[in-house]
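These notes are about the structure you will find just below.
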Amino acid sequence: MRVTLRSNQQGEAVLILRFLKAIWRFLSGVSRVISVLVPLVFVGVFITAFSLSLGDAGPKPLPDKAALLIAPSGALVEDAPAPTPLAALFNQEYQQPTVLQDIISAIRWAAEDDRISAVVLDLENVSGPTTSQTVEISAAIAEFKDAGKPVIARADFYSQANYLLAAQADQVLLHPEGGLFLEGFSVYRAYLRTFLERVRVTMHVFRAGDNKSAVEPYLRDDMSDGEREVITRWLTGLWSAFTGLAESGRGMPLGSMDAFIAAFPEKLNASENDLAETLLAAGWIDVLADHAEMDAALIKWVGAEDEAGLAPMVSLEQYQEALATRRSETEQGLPLIVIVPVEGTLVPGESEEGMAGSDTITHYIETALEADALAAMVLRVNSPGGSVFASEQIRRKLFEVRERGIPLVVSMGSVAASGGYWIAAEADEIWALPTTITGSIGAFSAFPTIEGVFDYIGVTVDGLGTTSLAGAASFERGLSPEMASIVQALSVGAYQDFVQLVADGRGMTREAVEQVADGLVWTGQEAAMNGLVDGLGGLDEAVAAAASLAGVEQWRTRRTSVPPSFESLFIEELSRSLTQSVLPKGAWFQALANSFTPVVKSVSSLRDPAHLYVQCLLCAPLP
């Protein structure tokens, strides 16, 4: 007995010691954050004051001849709000996203700028781009090349996604020890039915639209046959578009990429297992070069050399700053077309990283309506949908735009599905890229209850209510049959509303809409054939359509955005610093976090006050 007692006491002591160590690590992390951030605040204040003291010094002049360096970091987005504390916590290698339209506009201006002799695509740190994003960037690159200027892509390693953009360059450079893996597209998702059963959480799911796939992960352990059929259709179409764009960029016949992937093991063996040589022999890469050789090659392409013996480079940020005054002078007095970005899952409240808050978007629209010389508005949508409440808030605000007689055109980016289509349906015109993922016209309701958990741990919940509905939807008690029927009716009602607003907005009958609704997902090409969009094209085409509706021949554009607040940046840095002090380090943990984060984000986005959603969880943009 004494031995057992001593063992238990030792075990308790160990646990207490571990707990105290964890607290100490946390406090040490806080101390480190404070020790870092406080000086940073003072330095920031000093830099700001110093910058203001410079007055009208203006941007640094550009070299007489230089390359425009396009070196995006993170994801390419339409709008870039500050990351959430959750994202900061798990993503220790977070990189600030790059706004897609900044890249496109810079390349277009550079095509006519005598100071810019080449474009260099440094794609090492970019996540993506998607096929749709590459389509739009490629149009700008084509204009640049038509001006007789070269485009060079360089990287140590190419992902399949960023290679598609690199393939549009005149020369593709790769480090001899680098590589590129072409593998195709896939759609895999986590199915939670068994997991939810094991943790004794009941996920109540109600849907309208037989093909509303968003709810399948909560109801199944695998993909349904119907969902496989739907995904196969649009996934095959997107892969065909990807391979076609890559092959045309490289001047290869159609089918070359599929043939290369099929024969890759044999081709790799023939090159003595040298990946870079395999890619070079197949024609996917033009030159194998180390960093010094890349630098020397760029000097020849740019046609100039700086004091450091390198090709002069102008960063995207520097070029935009230099162009600001020029654009202002060139476009002064022209009618204004405002571009309102909608980036991420639609949620009530303010926008966060990966989430488009209805309050933020409606504020964007209100700000645009107050602009002088406003001629038209373009809603740029890159969203898989989300909350019914958030979608309806945005739709009602957009209705005010049309009530004022201001033309409203929607430009669909990589994805504009479900709630993304809800807010688009009533626009004067809808434009999509052939590779846009859209449709998914359906509705569902989902929320968890933990009565099973309480039962397992021996907790009981008891009480009373004044009516049969009081407490009928309790997190602790579950859902009564009566309340379940109500929620199902609300889901059906949301779906019926969705179908009707599409019918009204598109000038279609309900029967015609129902044929292409039911939660079905379409590519932009298919959506055009089904009457869901008016034209195929990117943001430029949508802006031109808005100008035509407004009756203006010349115009200027402006994108609404809100820079991240100091508070949000502080929280981000605090979360990341604590992470580095407390959480495990290493690639294994980062990989685990990267796998876990999408599931957490998906659940955290379910914040509709009525638990009603128009969201396509499978409609994440593909590379």
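If you're matching positions, the sequence shown starts at 7 in my numbering and goes up one per residue. Even for Gly, the Cβ is constructed at its ideal location relative to N, Cα and C. Predicted model, so just to flag it, every value in this text is computed and none were measured.
Query, Result
"Span of the alpha helix (DSSP H), counted from its first residue to its last, around Arg-483", "No alpha helix (DSSP H) holds Arg-483; DSSP gives it neither H nor E."
"Met-514, buried or exposed, once every other Cβ within 10 Å from all chains shown has been counted against 16", "buried"
"Spatial distance of Cys-625 from Ala-423 (CA atoms)", "7 Å"
"Straight-line Cα distance separating Met-383 from Glu-327", "25 Å"
"Whole beta strand (DSSP E) elements within the stretch 511-535, 3-residue minimum", "527-529"
"Terminal residues of the alpha helix (DSSP H) in which Phe-191 lies", "Here Phe-191 belongs to no alpha helix (DSSP H), and DSSP marks it neither H nor E."
"Ile-305 (DSSP reduced to helix, strand or coil)", "helix"
"Beta-carbon proximity check, Ala-117 vs Phe-163, cutoff 8 Å", "no"
"Cα-Cα separation between Glu-482 and Gly-469, rounded to whole angstroms", "12 Å"
"C-beta atoms of Ala-438 and Val-549 nearer than 8 Å", "no"
"Proximity of Ile-76 and Val-125 at Cβ, strictly below 8 Å", "yes"
"Same chain, Cβ closer than 6 Å to Asn-536, neighbours up to 5 away in sequence not counted", "Val-522"
"Collapsed DSSP secondary structure at Thr-137 in the structure displayed", "helix"
"Leu-624 - DSSP class collapsed to helix/strand/coil", "coil"
"Alpha-carbon to alpha-carbon, Tyr-325 and Phe-48", "No answer about Phe-48 holds up, because its pLDDT of 45 lies below 50 and its placement is not dependable."
"Reduced DSSP category for Phe-163 - H, G, I as helix; E, B as strand; rest coil", "strand"
"Segment limits, alpha helix (DSSP H) that includes Glu-272", "270-276"
"Between the CA atoms of Val-416 and Glu-435 - distance to the nearest angstrom", "6 Å"
"Ile-147 versus Leu-179, Ser-111, Trp-307, residue with shortest Cα-Cα distance", "Ser-111"
"As assigned by DSSP and simplified to three states, the class of Ala-146", "helix"
"Through-space distance from Leu-316 to Ser-601, alpha-carbon basis", "Its pLDDT being 49, under 50, Ser-601 is placed unreliably by the model, and the measurement read from it follows with that caveat. Roughly 40 Å between the two C-alpha positions."
"For Arg-565, the nearest candidate out of Ile-371, Trp-428, Phe-191 (CA to CA)", "Ile-371"
"Simplified DSSP state of Asp-365, which is helix, strand or coil", "helix"
"C-alpha distance - Pro-615 paired with Leu-171, whole-angstrom precision", "41 Å"
"Burial state of Ala-597 (16 or more Cβ within 10 Å)", "For Ala-597, the predicted model reports a pLDDT of 48, less than 50, meaning its position is unreliable; a value from the coordinates is still stated below. Burial call: exposed."
"Buried versus exposed call for Ile-443 [16 or more other C-beta atoms within 10 Å across all chains shown]", "buried"
"8 Å contact criterion, which Ala-495 and Glu-488 should meet: CB distance rounded", "Contact flag wrong, Cβ pair sits at about 11 Å."
"For Leu-405, three-class secondary structure by DSSP", "The question names Leu, but residue 405 in the sequence shown is Phe. Phe-405: helix per DSSP, three-state reduction."
"Beta-bridge pairing of Pro-347 - partner residues as DSSP gives them", "Arg-386"
"For Asp-292, three-class secondary structure by DSSP", "coil"
"Phe-460: first and last residue of the uninterrupted alpha helix (DSSP H) it sits in", "457-463"
"Check whether Val-387 and Ile-447 have beta carbons under 8 Å apart", "no"
"Burial state of Gly-363, where buried means 16 or more other Cβ atoms lie within 10 Å", "buried"
"Cut-off 6 Å between Cβ atoms - residues of its own chain near Gly-511, not counting five sequence neighbours on either side", "Ala-431, Glu-432"
"Coarse secondary structure for Arg-410, derived from DSSP in three states", "coil"
"Length of the line joining the Cα atoms of Val-236 and Leu-274", "34 Å"
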